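According to this note's numbering, the first sequence is numbered sequentially starting from 877. Ideal placement from N, C-alpha and C gives every residue a C-beta, glycine not left out. All values reported here derive from a predicted model rather than from experimental measurement.
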Amino acid sequence: MTNKYRTHNCNELRKEHIGNDVILSGWINKKRDHGNLLFIDLRDNYGVTQCIIDKENSNFGELEKIQLETVIRVDGKVVNRSNETINKEIKTGEIEVVIKKFKVLGTCKELPLPVFSDQEYAEEIRLKYRFLDLRRKKIHENIILRSKVISFIRNQMNKLGFLEFQTPILTSSSPEGARDFLVPSRLNPGKFYALPQAPQQFKQLIMVSGFDKYFQIAPCFRDEDARADRSPGEFYQLDLEMSFVEQEDIFNVVEKLLVNTFKEFSNKKLLFNKFPRITYNEAMLKYGSDKPDLRNPLIINDITEIFSRDDVTFEIFKKLVKSGSIVRCIVTKNTKDKPRSFFDNIDKWAKEQGASGLAYFTIEKELSGKGPVGKFFSKESLKEIMRLTGAEVGDSIFLACSKKKELEKITSLARDKIAQDLDLIDNEIFAFCWVVDYPMFEKDEMTNKIEFSHNPFSMPQGEINKINFEKPLDILAYQYDIVCNGIELSSGAIRNHIPELMYKLFSIAGYSKEIVDKKFSGMINALSYGAPPHGGIAPGIDRIVMLLANEKNIREVTMFPMNQNAQDLMMNAPSDVNEKQLKELNISLKSKK
RNA sequence: GGGGGUGUAGCUCAGUUGGUUAGAGCGAUCGCCUGUCACGCGAUAGGUCGAGGGUUCGAGUCCCUUCACUCCCGCCA
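Below, the structure written as structure tokens:
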């Protein structure tokens, strides 16, 4: 493409263009002023070209004074660079452009943050001047990567026969799940739309409508507090749903899609090409979490039974076990020679996490326990611990004792912490897994109430007429997550498409038929008019790109993110609105600060 | 809502046990320099030390309150 702004982009010129007259446009990335000779690195989206001008040219003085990041057009001639001045760092490094004339296309004030720099800046200033921040190399490349990943995924989905549909952004609030973003309705005073937390019900309705395979790069909105891997406000999912499928069919599609995507966009190795499947219960026991980082080789073991032995004299734990606590441990291989400080630091760290600390001892030759609590264990009991955990002489054992939920939390954190301290995690791999067989219900520890543990629309496992509804906590669901390197990437399920069964499950969680009919009228109604068995999943796009870009923070792969308080510092959102707007919406504010 | 960290020049940071006029690099402005690619050299400007209060002869430094950003917990079917 040639127009009045450019004949080539800033990453295009090579040796074969030497002698050509060219026009380039871009930003002044860097100037090197030798007084009578000036180098200008001209940058655009594609790359950098060195341009040069000397005092002979009447434009020299003017160009010499121009600010960095000014946008200019350069007319010049491509010339050879002598061998010793070739720059191998840039693609255009064998040539340079001798400037004949130039024109300022966009002036630039003094910069609040430098563009040409690898320094890190406070997020506040980066977000306020996001348009400058986005010019910087690393994040510019992240955003381009994001575009390519999305386009690759879309392409794959099309090839697999999925149809892409849009679903409403203004929809209804749902009683389950996260807090909704609400939008007041002008035409229906006092009523509100909600932004969708996910197109969950719509994609099921698409299946009921007979479209068979659907996908969408779907914006999802949840009004929850931010984390490093969770933007406040909005995020994107590859939302997909298929009819006439079993869990296995979904697994096949998504596993292939993710393997292809990760192989296409990263050089890191995949630890498993076939994702291992871990049941929810197994994950909670062995990793203390339903999003285990499988790069970490440490495993948690339950050794509660040891503390009912007479030859174990660890009275504090024994007493707690008697009152219903359990004991779990983490074995570290061959750590007998680690300094005392290694162990004490972990204990100290655990106390900072709010636990009562982590007890530890090392198994010595002759089967004796060394360390603060080692003396409480007899030779026979150590043998039994070794049998239960696979520990060997020279290994150390970290123990914690508590109620189940609390224990899972601290052992999970300890597993990460100890692995980090021992440098056990290989950063150059992706370790995917499926977490399967989620329980349909769980008991709220505070209220003792039975609640849905995940998605109320999931299909319970087993023959429908054989499900024992008397023991709801034993009912498993066709509900599954994909986890990669300890990050939850996707959540999905085979859906319950049978209204009678849905009423039954909702009644267990304390919802009457009337409430279900009211809250989920669209869904329930649709399912009573010939619904196909169906299921789906929704991998998180932002997190996928975050992993591929090797970033720890989701804002590094989001073009215009909000800050932790859900404010857009560049656009000043959220903002006040005027009285007229409020009046139209039938809204009055309680108080104004 | 709770806990941790951070806050000093436009940007990134240093600032000792409380002690004279708060420093450096980058950037800006001015000057010198024809082969740099983080060009080099010299000079100048630029500060309510996040804000408020307190202790003290004296506070960037100690104490209290508060604000902002960030990380974590809660929350996230």
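Using a Cβ distance threshold of 8 Å, Tyr-1112 and Phe-1038 do not count as a contacting pair.
Residue pairing of Gln-1113 in beta bridges, as defined by DSSP: Ala-1094 and Gly-1416. Contact between the region 1139-1153 and the region 1438-1448 is absent, with fewer than three C-beta pairs closer than 8 Å. If you draw a straight line from the Cα of Phe-978 to the Cα of Ile-928, it comes to about 11 Å. Here Cys-1309 is bridged, per DSSP, to Val-1359.
With respect to Leu-1234, Asp-1220 sits apart: the two C-beta atoms are not nearer than 8 Å. Counting only the Cα atoms, Pro-1095 lies some 37 Å from Ile-948.
Membership of Val-950 in the beta strand (DSSP E) is indicated by the continuous run 947-956.
Counted as a single uninterrupted DSSP element, the alpha helix (DSSP H) harbouring Lys-1079 occupies residues 1076-1084. Rounded to whole angstroms, Leu-1046 and Ala-1074 show a C-alpha spacing of 12 Å.
In the structure shown, Glu-940 falls within a helical segment according to DSSP collapsed to helix, strand and coil. CA-to-CA, the gap between Arg-1185 and Ile-1175 works out to about 24 Å. Taking a C-beta distance under 8 Å as the contact criterion, Ala-1414 and Val-1311 do not qualify as a contact pair. In terms of CA proximity to Ile-1093, Glu-1040 leads the group Pro-1044, Arg-1062, Lys-1167 and Glu-1040.
Residue pairing by DSSP places Asp-897 opposite Lys-953 in a beta bridge. Judged by their CB atoms, Ile-1363 and Leu-1283 are not nearer to each other than the 8 Å cut-off. Rounded to whole angstroms, Ile-1420 and Arg-1106 show a C-alpha spacing of 12 Å. Runs of the beta strand (DSSP E) lying entirely within the region 1188-1259, each at least 3 residues long, are 1202-1208, 1235-1240 and 1244-1246 in chain order. In terms of Cα proximity to Asn-1429, the closest of Gly-937, Asn-1018, Leu-900 and Glu-932 is Asn-1018.
Your pair Asp-1169 and Ala-1307 checks out as a contact, with CB atoms roughly 7 Å apart and the cut at 8 Å. Counting every other CB atom within 10 Å of its CB across the protein chains shown gives Lys-1293 a total of 16 or more, marking it as buried. Between Asp-1166 and Arg-1204, the CB-CB gap reaches or exceeds 8 Å. Considered as a whole, the region 1149-1189 harbours 1156-1162 as its complete alpha helix (DSSP H) runs of no fewer than 4 residues, in chain order. DSSP lists no beta-bridge partner residue for Tyr-1405. Taking a contact to require three or more Cβ pairs closer than 8 Å, the region 1321-1333 and the region 1253-1266 do not qualify as touching. At the C-beta level, Ile-899 and Arg-882 come within 8 Å of one another. Excluding the 5 residues flanking it on each side, Ala-1102 has same chain C-beta neighbours closer than 6 Å at Pro-1108 and Gln-1440, in chain order. By the neighbour-count criterion, in which 16 or more other beta carbons inside 10 Å mark a residue as buried, Val-1453 falls on the exposed side. One thing to note: Leu-1352 has its Cβ no nearer than 8 Å to the Cβ of Ile-1358.
If you draw a straight line from the Cα of Asp-1297 to the Cα of Phe-1148, it is about 25 Å long. Taking all protein chains shown into account, Leu-939 has 16 or more neighbouring C-beta atoms within 10 Å of its C-beta and is therefore buried. Taking 8 Å as the upper bound for CB-CB distance, Pro-1409 and Phe-1120 are in contact here, some 6 Å apart. Pairing Glu-892 with Glu-932, the inter-Cα distance amounts to about 27 Å. A direct Cα-to-Cα measurement between Ile-1326 and Tyr-1314 gives close to 15 Å.
Counting along the chain, Gln-926 sits inside the beta strand (DSSP E) bounded by residues 924-930. DSSP, read as helix, strand or coil, puts Ser-1023 in helix.
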